[in-house]
Structures are given as C-alpha cells and as structure tokens.
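Peer 1: Those sequence lines, one after another, are chains A and B. Letter 93 of the first sequence, counting from 1, is numbered 93 in our numbering, and no numbers are missing. Letter 154 of the second sequence, counting from 1, is numbered 154 in our numbering, and no numbers are missing. We put the beta carbon where it would ideally sit given N, CA and C, even for glycine. None of the values given here were measured: they were computed from a predicted structure.
2 protein chains.
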Amino acid sequence: MIGLAKRPKMDSTFLKQAIQVAVANVRRGGGPFGAVVTKDGAVIATGANQVTSANDPTAHAEVVAIREACKALGSFQLSGCDLYCSCEPCPMCLGAIYWARPRNVFFAASQEQASQAGFDDTFIYRQIEMRPEARSIPMLRVDDPEAGAPFAAWLAKDDRTDY
Amino acid sequence: MIGLAKRPKMDSTFLKQAIQVAVANVRRGGGPFGAVVTKDGAVIATGANQVTSANDPTAHAEVVAIREACKALGSFQLSGCDLYCSCEPCPMCLGAIYWARPRNVFFAASQEQASQAGFDDTFIYRQIEMRPEARSIPMLRVDDPEAGAPFAAWLAKDDRTDY
Numbered sequence: 001m002i003g004l005a006k007r008p009k010m011d012s013t014f015l016k017q018a019i020q021v022a023v024a025n026v027r028r029g030g031g032p033f034g035a036v037v038t039k040d041g042a043v044i045a046t047g048a049n050q051v052t053s054a055n056d057p058t059a060h061a062e063v064v065a066i067r068e069a070c071k072a073l074g075s076f077q078l079s080g081c082d083l084y085c086s087c088e089p090c091p092m093c094l095g096a097i098y099w100a101r102p103r104n105v106f107f108a109a110s111q112e113q114a115s116q117a118g119f120d121d122t123f124i125y126r127q128i129e130m131r132p133e134a135r136s137i138p139m140l141r142v143d144d145p146e147a148g149a150p151f152a153a154w155l156a157k158d159d160r161t162d163y
Numbered sequence: 001m002i003g004l005a006k007r008p009k010m011d012s013t014f015l016k017q018a019i020q021v022a023v024a025n026v027r028r029g030g031g032p033f034g035a036v037v038t039k040d041g042a043v044i045a046t047g048a049n050q051v052t053s054a055n056d057p058t059a060h061a062e063v064v065a066i067r068e069a070c071k072a073l074g075s076f077q078l079s080g081c082d083l084y085c086s087c088e089p090c091p092m093c094l095g096a097i098y099w100a101r102p103r104n105v106f107f108a109a110s111q112e113q114a115s116q117a118g119f120d121d122t123f124i125y126r127q128i129e130m131r132p133e134a135r136s137i138p139m140l141r142v143d144d145p146e147a148g149a150p151f152a153a154w155l156a157k158d159d160r161t162d163y
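What follows is the structure, encoded as structure tokens:
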C-alpha cells in the first residue's frame, strides 16, 4: 500500500456531474465540456463551455467554473478546492488553473478523445513552446521607453495586493 | 529591404495606450498590466488586470480586452484585429490568444522585466510541458465509462456551431 497515500482523494460523483454538465450543454447549443469545483465535499460552482453562446473565446468550462467558484468564495484563489473536468484542460485552462491554485484537478476524457471530436489542443501546446516571434500568430516585442513604467508604479505602491 | 515586408505593421500609439492603461490600473489598486485591441486602425476594447479587484484569477489584461473586444464585435473570433499588451502574455493569455485568433500581438515589457517585479511565468511554462500527473498541482485522468458521452452528443448534433 506504500505510495497510495500520496494519491489525491477524488469523488467519482463530481466527475460524473462534470460530464453531465457537458452533455446538457451540448443539448443547449454549447460546446461539449463541463467542469465542477468542490470544497469540503460539496459543489461550490459548475461551468459549461460558453464560447459560441456568449461570444467569448475564453469561456471554456474550466474558466467559467473557476470564475464562478472565486465569486462564491469572494477570493481570487481556490485554496483547498478540487476541480473536476469532463476533459483534460487546454493550455489556456491550465494557465488559469495555475493562477487559481486549486488543490487537485481530475479529468475524464483525454486530449486524444477531444482531438477525435475536432478539438485539437496539440497545436497550441506546440506554439507555446516556440519563441514569440516564430509563432503562427506573430508576437513581437516592441521597444518603448515607458515599458517599465507599470512595474515601477507597482513596486512603489506600499498598499498593493500581491497575487 | 527584403524581409521587412513580412514584418506586421504596428502603431506605437496603441502600445503606449496599453502601457497607460496598466499604469492607471495600478493607481486604482489593480495589477500592472494593460491591453488594447484594435481593428481597422481604431481601438475597439481595452483591458486592465482585475485579478484582485474582481476576485477573478482569469482577469488578466489580455483576457479582459479579448472578452470586451468579442462583445463589441458580437463574435468569438478577433479576425483582423491586433492585440497590444503592456507586457509579454502569460501562458493562460497565450492560450486565450490562440482561441481568439487576432492577426498580430505586440508587447512592450519582457518576461524578464515582469519577473523582476514579482510576476514570474517561467514556473507555469515549465509545468505545462510536464505530464499531467507530474505537475505541482496534481492532475489525474480518471476512467469513467461516460467520458466520451459529451463528444458523442456533440458529433451527433447536426446544427452545432464549430469553433
């Protein structure tokens, strides 16, 4: 049994709920993704993909669930929370997860299953690894003498809220 | 002059505006980041970091600007738009950029400058490259017989909006 102790505890009920949110969302005309945030064994937020229904390319299920959970908690951190996703998160959602800092993430479908349904994140994963100027969407750093001004203002502020 | 033709056209006025949005946001108690979306030579949306002010870890300047621009256009795509950022985008924002698909991205401050002000994205970039189960926030795939159900529902839907 040694080693099992480190495996995070998950509750398959919540994973099934994330999958159900995804299926219900397709019926409503949304994308096939759902997510659930739990704390202390209870659901505090759910999220369904709203990209096309809300004209918001950032409204992936995980992002929606994270935003709703933070609203419910009145915090920009999901300390002690678990995130259940119907599918493996994309790079944007992965980034959002690192900024929100839940305790664990559990997901059902794999990247491969998503890819077979027409949702291929591989391209974005590859792009992130590249130098900005080499990416398919050109990303160029432009010299500006004021580039450091926001950080200077930030560091000079005594009452700032670090995050 | 050969080669210069491929360099995307940028307007330093908009980059300066993104920097000004960032500086003004610090004065209001927000994070030191700003972004501007332009189309056909005009600003259609701006965004300032609202992580702590809105309790939303996903409210980075770029994400806010992308959401506002999509709202203004009534579209989930930023075709033909340019995104100007006060600083190089983090992995979450990079993902959001790939989903929104603007034409070009221009940024002023580098990752190094951000890091010196306490905003280090390097950790997240490294985490994304790792296998899910090896990451610092445990991400575990869990077998569920219904894992493929959302995609099956999606593919069976004749009137779906692909994105």
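(1) Could you give the distance in angstroms between the alpha-carbon of residue 175/B and the alpha-carbon of residue 39/B?
(2) With a 10 Å radius around its C-beta and 16 neighbouring C-beta atoms as the bar for buried, classify residue 94/A as buried or exposed.
(3) Nearest chain B C-beta to residue 39/A closer than 8 Å, yes or no?
(4) Once the 5 residues before and after residue 3/A are set aside, which same chain residues still bring their CB inside 8 Å of it?
(5) Among the residues of its own chain, which have a CB less than 7 Å from the CB of residue 164/A, if the five just before and after it don't count?
(6) For residue 130/B and residue 21/B, I'd like the C-alpha separation in whole angstroms.
(7) Does the beta-carbon of residue 142/B have 16 or more other beta-carbons within 10 angstroms, so that it is buried, or is it exposed?
(8) Between residue 26/A and chain B, is the shortest Cβ-Cβ distance under 8 Å, so that the two count as touching?
(9) With DSSP collapsed to three states, give me the class of residue 10/B.
(10) Let me see if you follow: with CB-CB separation under 8 Å, is residue 47/B close to chain A or not?
(11) For residue 84/A, is the classification buried or exposed, using 16 other Cβ atoms within 10 angstroms of its Cβ as the cut-off for buried?
(12) Between the stretch 83 to 97 of chain A and chain B, which residues of the former have CB atoms less than 8 Å from a CB of the latter, in chain order?
(13) When you compare the CB positions of residue 42/A and residue 65/A, do they come within less than 8 Å of one another, or not?
(14) Could you confirm whether any beta carbon from chain B is found closer than 8 Å to the beta carbon of residue 44/A?
(15) Could you spell out the range, first to last residue, of the beta strand (DSSP E) harbouring residue 39/A?
(16) Could you list which residues in chain B have their beta carbon closer than 8 Å to that of residue 75/A, in chain order?
(17) Of all the CB atoms in chain B, is at least one closer than 8 Å to the CB of residue 17/A?
(18) Kindly indicate if chain B contains any beta-carbon less than 8 Å away from that of residue 23/A.
(19) For residue 139/B and residue 107/A, which I take to be in contact (beta-carbon distance under 8 Å), what is that distance rounded to the nearest angstrom?
(20) What residue does the alpha helix (DSSP H) around residue 122/A start on, and which one ends it?
(21) Of the residues that make up the stretch 105 to 122 of chain A, which ones have a beta carbon closer than 9 Å to any beta carbon in chain B?
Peer 2: Working from what's here:
(1) Since the first residue of chain B shown is 1 and the last is 163, residue 175/B is not available in this structure.
(2) Taking a 10 Å sphere around the C-beta of residue 94/A, we find 16 or more other C-beta atoms and assign the residue as buried.
(3) At a cut-off of 8 Å between beta-carbon atoms, residue 39/A makes no contact with chain B.
(4) With a pLDDT of 49 at residue 3/A, under the threshold of 50, the modelled position of this residue cannot be trusted, and the question is left open.
(5) It is not possible to answer for residue 164/A, since the shown part of chain A is limited to 1 through 163.
(6) Residue 130/B and residue 21/B have their alpha carbons spaced roughly 35 Å apart.
(7) Exposed, by the Cβ-count rule.
(8) The Cβ of residue 26/A sits closer than 8 Å to at least one Cβ of chain B.
(9) The DSSP-derived three-state label of residue 10/B is coil.
(10) Taking Cβ atoms only, chain A never reaches closer than 8 Å to residue 47/B, which makes this a no.
(11) Counting Cβ neighbours within 10 Å, residue 84/A comes out buried, since at least 16 surround it.
(12) Within the stretch 83 to 97 of chain A, the residues whose Cβ lies closer than 8 Å to some Cβ of chain B are 86, 87, 88, 89, 90, 91, 92, 93, 94, 95, 96 and 97, listed in chain order.
(13) For residue 42/A and residue 65/A, no; Cβs fall outside 8 Å.
(14) Answer no: the Cβ-Cβ gap between residue 44/A and chain B never drops below 8 Å.
(15) For residue 39/A, the uninterrupted beta strand (DSSP E) segment begins and ends at 34 to 39.
(16) Within 8 Å Cβ-Cβ: 55.
(17) At a cut-off of 8 Å, the C-beta of residue 17/A has no neighbouring C-beta in chain B.
(18) Residue-level contact by beta carbon holds for residue 23/A and chain B, with a gap shorter than 8 Å.
(19) Yes, residue 139/B and residue 107/A are in contact; Cβ-Cβ is about 7 Å, under 8 Å.
(20) Residue 122/A: member of the alpha helix (DSSP H) spanning 122 to 129, first to last residue.
(21) Under the 9 Å Cβ criterion, the stretch 105 to 122 of chain A contributes 105, 106, 107, 108, 109, 110, 113, 114, 116, 117, 118, 119 and 121.
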